[in-house]
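Order-wise, the sequence lines are chains A and B.
If you use the working numbering, the first sequence closes out at 245, no skipped numbers anywhere.
If you use the working numbering, the second sequence closes out at 245, no skipped numbers anywhere.
Don't be surprised by glycine CBs; every beta carbon is placed ideally from N, CA and C.
Here the structure comes first, spelled out in C-alpha cells, and everything after it is commentary.
Protein chains: 2
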Amino acid sequence: VIDLRGIGRSYVMGQEHIHALSSITLNIARGEYVALMGPSGSGKSTLMNLIGCLDSPTRGAYFLSGQEVSRMNDRQLAEVRNREIGFVFQTFNLLPRLSALENVAMPLVYAGVSRTERLERAAEVLDRVGLASRMRHKPNELSGGQRQRVALARALVNRPSILLADEPTGNLDTKTSIDIMGLFSDIHAQGNTIVLVTHEEEIARYAHRIVRLRDGNIESDQVETMP
Amino acid sequence: VIDLRGIGRSYVMGQEHIHALSSITLNIARGEYVALMGPSGSGKSTLMNLIGCLDSPTRGAYFLSGQEVSRMNDRQLAEVRNREIGFVFQTFNLLPRLSALENVAMPLVYAGVSRTERLERAAEVLDRVGLASRMRHKPNELSGGQRQRVALARALVNRPSILLADEPTGNLDTKTSIDIMGLFSDIHAQGNTIVLVTHEEEIARYAHRIVRLRDGNIESDQVETMP
Ligand SMILES: Nc1ncnc2c1ncn2[C@@H]1O[C@H](COP(=O)(O)OP(=O)(O)OP(=O)(O)O)[C@@H](O)[C@H]1O
Ligand SMILES: Nc1ncnc2c1ncn2[C@@H]1O[C@H](COP(=O)(O)OP(=O)(O)OP(=O)(O)O)[C@@H](O)[C@H]1O
Ligand SMILES: [Mg+2]
Ligand SMILES: [Mg+2]
C-alpha cells in the first residue's frame with residue numbers, strides 16, 4: 019500500500035544542500051505493523067511526512083494504494099489524507115483555542131459528519147486514551163502526555179486504514195504507554211496498517227518489522243520472527 | 019537549596035477544582051541529582067514550574083537558597099531565574115524566528131554578556147550537544163530531537179547552579195540520550211543541582227534519588243544505594 023521508490027528529500031540553505039533523505043526504497047503491504055527507528059536527525063519525521071502526503075519528495079516516486087501521489091491533484095490528495103491516513107505528529111500540532119474534544123472532532127468536520135455524531139465519536143476515542151475527565155480542557159490546560167494523547171485520539175477518530183504515529187509515547191509513563199500500545203494492537207488486529215516512529219526498543223517490539231534509518235538512508239529492514 | 023513546604027497548586031475550571039498538586043513537601047540539598055517520575059498528569063511539570071519560579075503555588079511555602087520565593091519582588095525573581103536556574107521545557111519553547119545559535123545565546127543577553135562572547139559560548143554548548151552543523155537552522159528546520167537539544171543548550175549556556183530538565187531525552191535515540199546523560203553527569207560532578215523529569219527508568223538511574231508522584235502527591239522518595 020506504501021510503495022516508495024528512490025525517494026529523496028533535500029533542503030537548500032544558502033550554499034549548503036541538506037539531504038534529509040538520500041534514497042529510500044521501501045515497500046509496506048496493507049496490514050503491516052512497522053516500527054521506524056534511527057538516530058536523532060536521521061530522517062524519520064521527513065519520511066513520515068512524505069508517506070502522509072504532507073510533503074513532496076525532491077526526487078523518486080511514491081505510490082499510495084497503487085496511485086502515484088505526485089500525479090494527484092489537490093482534491094485527491096486532501097481526500098486521501100483525510101480518509102485513509104491518521105497522523106500523530108511529533109509536535110502534536112493541536113489548535114490552541116479549541117478544547118480537546120473540539121480538536122479531536124476536527125477531522126470529522128471535513129468528513130461531513132453531523133455535529134452531534136462528531137462530538138460523540140470524539141468523546142468516545144478520548145475516553146479510550148484515558149482522557150474522559152479532560153475533554154473540556156484546552157491544550158495549555160493539559161499535561162504533555164495528555165496533549166500527546168489528544169493528538170493520537172484526533173488521528174484515530176476518522177478510523178483511518180493507515181496510522182502514521184511519530185513518537186506517540188515519547189511523553190508517556192510506562193503504564194500509559196502500555197495502554198496506548200494495546201490500543202495500537204487492536205487497530206492492527208482489525209487489518210489496518212501502522213507505521214510507528216519510536217526511539218524505544220521496548221515499543222518497537224510491538225511491531226512485526228523494524229526499519230532503521232541512518233543519515234537519510236535505510237540501514238536495515240528486518241521482519242521479527244518471534245510472534 | 020530547594021525547600022517546598024505543603025505546596026499545592028489548583029486550577030479552577032467552571033465548577034471544578036483541579037488539584038494539579040495536593041500537598042508537596044520536598045527538600046533537595048545543593049549538589050543533589052534527583053529524578054522525578056510518575057504517571058502522565060501526575061503533576062511533574064507543574065512541580066518543575068513552581069521550583070523554577072515560573073508559577074506560584076496556590077498554598078504552601080517555597081524557600082529557594084533560604085529565601086522565601088513568594089516574598090521576592092519581580093526583579094529578584096527575574097535575577098534568580100536567570101542566574102541560578104536553567105530550565106529545559108517539555109515543549110522546548112524556542113523562538114521560531116531565531117536560529118539555534120541565537121536561541122541559545124538569548125539568556126546571555128539578560129546576563130549582559132557582549133555579543134561576540136554570547137555567540138562564542140552559544141556555539142560551544144551547541145557543539146557539546148552535537149549540533150555544530152545545525153547552528154544556523156531555525157527551529158522549523160530542525161528535527162524534534164535537535165530542537166530538544168537546542169532547548170537543553172539554552173538552559174546550560176549561563177552555567178546555572180540548578181538545572182531543571184523536563185523530559186530532556188523524550189525525543190532522543192538511545193545513543194544521543196547516553197551522550198546527553200554524560201553531559202548531565204559532568205554538570206553534576208561540578209557540584210551543581212539537577213532535577214530531571216523522565217518516564218524512562220534507564221534515564222532515572224543516572225540520578226542518585228528518585229521521587230515518584232501520583233495524583234499530585236509524593237508517592238515515594240528513595241535514595242539509590244548503588245553507586
Ligand atoms: N491550566 C490548567 N488548567 C486546568 N488543569 C490543568 C492546567 N494545567 C495542567 N492541568 C492539569 O494538572 C495536572 C498535572 O499536569 P502536569 O503538566 O503537571 O502533569 P505531568 O506529570 O507533567 O504529566 P506528563 O507526564 O503528561 O507531562 C494534569 O492532570 C493537567 O490536566
Ligand atoms: N526545513 C529544513 N531545512 C533544513 N534542514 C532540515 C529541515 N527540516 C529538517 N531538516 C534536517 O533534516 C534532517 C532530518 O530531519 P528529521 O526531522 O526527519 O529527523 P528525525 O529522524 O525525525 O529526528 P528526531 O529523531 O530528532 O525527531 C535533520 O538533520 C534536520 O536538521
Ligand atoms: Mg523526528
Ligand atoms: Mg509534563
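Three or more C-beta pairs below 8 Å linking the segment 167-175 of chain B and the segment 113-133 of chain B: With three or more CB-CB distances shorter than 8 Å, the segment 167-175 of chain B counts as touching the segment 113-133 of chain B.
Proximity test, B/Asp191 beta-carbon vs ligand 3 heavy atom, cut-off 7 Å: Between ligand 3 and the CB of B/Asp191, the shortest heavy atom gap is not smaller than 7 Å.
Does the distance between the C-beta of B/Gly162 and the nearest non-hydrogen atom of ligand 4 fall short of 7 Å? For ligand 4, not one heavy atom lies less than 7 Å from the Cβ of B/Gly162.
Whether A/Ile205 touches A/Leu181 by CB criterion (8 Å): Yes, the pair counts as a contact, with Cβ atoms nearer than the cut-off.
Comparing the CB of B/Ser74 with every heavy atom of ligand 1, is any distance shorter than 7 Å? No.
If you reduce the DSSP assignment to three classes, tell me which class B/Met90 lands in. In the three-state reduction of the DSSP assignment, B/Met90 falls in the coil class, being assigned neither a helical nor a strand state.
For B/His37, would you say it is in contact with chain A, using Cβ-to-Cβ distances shorter than 8 Å as the test? Using beta-carbon distances, B/His37 does not count as an interface residue toward chain A, since no partner is under 8 Å.
Helix, strand or coil at A/Gly59 [DSSP, three-state]: In this structure, DSSP gives A/Gly59 a state outside helix and strand, which the three-state scheme calls coil.
Relative to the alpha-carbon of A/Gly209, which residue among A/Glu50, A/Arg136, A/Asp92 has its alpha-carbon at the smallest distance? The residue with the shortest Cα to Cα distance from A/Gly209 is A/Glu50.
Could you check how far apart the C-beta atoms of A/Ser195 and A/Ile221 are, in whole angstroms? I think they sit under 8 Å. The pair is a contact, with the Cβ atoms about 7 Å apart (cut-off 8 Å).
Counterpart residues of B/Glu34 in DSSP-defined beta bridges: B/Glu34 is bridged by DSSP to B/Met31.
Give me the Cα-Cα distance between B/Thr187 and B/Arg230, rounded to the nearest whole angstrom. Using only the alpha carbons, I get a separation of about 18 Å.
Using a Cβ-Cβ cut-off of less than 9 Å, list which residues of the segment 54-75 of chain B approach chain A; keep chain order. Residues passing the 9 Å Cβ filter: Met55, Gly56, Pro57, Ser58, Gly59, Ser60, Gly61, Lys62, Ser63, Thr64.
Can you confirm whether B/Gly162, when its beta carbon is compared against all beta carbons of chain A, has any partner nearer than 8 Å? Yes, B/Gly162 counts as interfacial toward chain A.
Min CB distance B/Asp239 to chain A below 8 Å: No, B/Asp239 does not count as interfacial toward chain A.
Of all the CB atoms in chain B, is at least one closer than 8 Å to the CB of A/Leu170? Not one chain B Cβ lies under 8 Å of A/Leu170.
Residues bridged to B/Leu44 by DSSP? Answer by DSSP bridge pairing, in chain order: B/Leu22.
Taking the alpha-carbon of A/Ala6 as reference, which of A/Ile228, A/Gly104, A/Glu138, A/Ala225 has the nearest alpha-carbon? Residue 6 of chain A is absent from the structure shown; chain A starts at 19 and stops at 245.
Tell me whether A/Arg250 is buried or exposed, calling it buried when 16 or more other Cβ atoms sit within 10 Å of its Cβ. Since the first and last residues shown for chain A are 19 and 245, residue 250 of chain A lies out of range.
Check the Cβ of A/Gln33 against every Cβ in chain B and list those closer than 9 Å, keeping chain order. Per Cβ cutoff of 9 Å: no residues; A/Gln33 is ~11 Å from chain B at best.
Closer than 7 Å to a non-hydrogen atom of ligand 1 - does that hold for the CB of B/Gly59? At a cut-off of 7 Å, the beta-carbon of B/Gly59 counts as near ligand 1: some heavy atom of the ligand is closer than that.
What three-state label does DSSP hand A/Asp233 in the structure shown? DSSP places A/Asp233 in coil when its eight states are reduced to three.
Extract the residue ranges of the beta strand (DSSP E) inside the segment 160-200 of chain B, only unbroken runs of 3 or more that lie entirely within it. Complete beta strand (DSSP E) runs here, min 3: 180-184.
Under 9 Å from the C-beta of A/Leu190: neighbouring residues of chain B: Near A/Leu190 (Cβ distances below 9 Å), the residues of chain B are Pro57, Ser58, His217.
If you draw a straight line from the C-alpha of A/Phe107 to the C-alpha of B/Tyr128, how long is it? Rounded to whole angstroms, the gap between the alpha carbons of A/Phe107 and B/Tyr128 is 34 Å.
Please list, in chain order, all residues of the same chain as B/Pro57 whose beta carbon is under 7 Å from its beta carbon, the five residues on each side excluded. So the list reads Arg232, once near-sequence residues are dropped.
Is B/Lys62 near ligand 3, judged by its Cβ being under 7 Å from some heavy atom? It does not: the Cβ of B/Lys62 is nowhere closer than 7 Å to a heavy atom of ligand 3.
Please confirm if A/Glu185 has its CB atom under 8 Å from at least one CB of chain B. Any Cβ of chain B closer than 8 Å to the Cβ of A/Glu185 would place that residue at the interface, and such an atom is present.
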